[in-house]
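Residue numbers (our numbering): 277 to 540.
Shown next, in structure tokens, is the structure this report addresses.
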Ligand SMILES: [Mg+2]
């Protein structure tokens, strides 16, 4: 048994070295991103899912504004990265260079202001504005990235791309307090995001693939109050795979991920 584990590890490392040789990178973790990034950048399915989600969001805006009869100030809360803006070229860079995520690389990408609007995203914000529904951007980009982020949103044609409609991360990635700042003054009719923390902190505690009780408990909210965007490249879900408090190399993480795959 031990021998077979040893040989699988050797085979895996050799495979990764070969993959690295082929692609010019020797990082097993960034190599695991290949299919996810390709799907995100090249598939029509990805584009159709974003358009589908924003079409559905428009229907919710129309329905809620009709119901509201100007009684409340209405708003939608959206995340930015992989919800409104496409940062997949950053993930592509990690594959090409064999690097893994570090904050300084991310800041460099953000400050280039190259992120493109996702399909249907900017149009949706303009639609909301025409219906008198304000859009608030609650993102875990750091407050230091405010200027570049606003410029990026403006350049891509987003409505409400101003400092009173954007709440970035200062100390905590928990978005609850920032959401509360909006709900204190607005009736929030819809939340959109690619990460469970964009909706409620309780969803981030899911411990395993088949034990996400909070997601199942709130099954009626998906597609009515909450719209989830597809992001196969990264997310909080990855951290539930790794043991807590242990320093892991990229190779450790790559192996742990493979070990979590269900086969038969
Ligand atoms: Mg996001």
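Where a beta carbon is used, it is the ideal one built from N, C-alpha and C, also for glycine.
Rounded to a whole number of angstroms, what is the C-alpha to C-alpha distance between residue i and residue j?
i           : j           : result
residue 505 : residue 472 : 10 Å
residue 419 : residue 528 : 32 Å
residue 355 : residue 302 : 33 Å
residue 455 : residue 540 : 43 Å
residue 394 : residue 434 : 11 Å
residue 349 : residue 336 : 15 Å
residue 491 : residue 479 : 7 Å
residue 404 : residue 462 : 14 Å
residue 452 : residue 458 : 10 Å
residue 241 : residue 399 : Lying before the first or after the last residue shown, residue 241 is absent from the chain, which here runs from 277 to 540.
residue 509 : residue 364 : 8 Å
residue 531 : residue 537 : 10 Å
residue 307 : residue 534 : 12 Å
residue 379 : residue 522 : 20 Å
residue 496 : residue 424 : 37 Å
With DSSP run on the structure shown, which of helix, strand or coil describes residue i?
i           : result
residue 352 : strand
residue 323 : helix
residue 461 : coil
residue 523 : coil
residue 386 : helix
residue 544 : In the structure displayed, the chain extends from 277 to 540; residue 544 sits before or after that span and is not available.
residue 534 : helix
residue 416 : strand
residue 453 : helix
residue 434 : coil
residue 358 : coil
residue 497 : helix
residue 336 : helix
residue 377 : coil
residue 391 : coil
residue 509 : coil
residue 542 : This structure cannot speak to residue 542, because the chain is shown only from 277 to 540.
residue 517 : coil
residue 540 : coil
Using the rule of at least 16 other Cβ atoms within 10 Å of the residue's Cβ for burial, across every protein chain shown, is residue i buried or exposed?
i           : result
residue 413 : buried
residue 311 : exposed
residue 401 : buried
residue 371 : buried
residue 467 : buried
residue 231 : An answer regarding residue 231 cannot be provided, because it is not within the stretch 277 to 540 covered by the chain.
residue 338 : exposed
residue 319 : exposed
residue 396 : buried
residue 524 : exposed
residue 514 : exposed
residue 377 : exposed
residue 460 : exposed
residue 333 : buried
Between residue i and the rest of its own chain, which residues show a CB-CB distance below 7 Å, the 5 nearest in sequence each way excluded?
i           : result
residue 322 : 315, 316, 506
residue 428 : 361, 389, 391
residue 441 : 410, 411, 412, 413
residue 222 : Any property of residue 222 remains undetermined from this structure, which presents the chain solely from 277 to 540.
residue 502 : 467, 475
residue 340 : 350, 465
Along the alpha helix (DSSP H) that carries residue i, what are the first and last residues, could you check?
i           : result
residue 429 : 422–431
residue 313 : 310–318
residue 306 : 304–307
Cutting at 6 Å between CB atoms, please list the residues of its own chain near residue i, excluding the five before and the five after it.
i           : result
residue 373 : none
residue 445 : 416, 418
Note down, in chain order, each residue of its chain lying with its Cβ closer than 8 Å to the Cβ of residue i, except the 5 sequence neighbours on either side.
i           : result
residue 438 : 426
residue 450 : 473, 477
residue 366 : 381, 382, 385
residue 330 : 395, 396, 397, 399, 400
residue 421 : 383, 386, 387, 444
Terminal residues of the continuous beta strand (DSSP E) containing residue i?
i           : result
residue 400 : Careful: residue 400 lies outside any beta strand (DSSP E), inside the alpha helix (DSSP H) at 397–406.
residue 444 : 442–445
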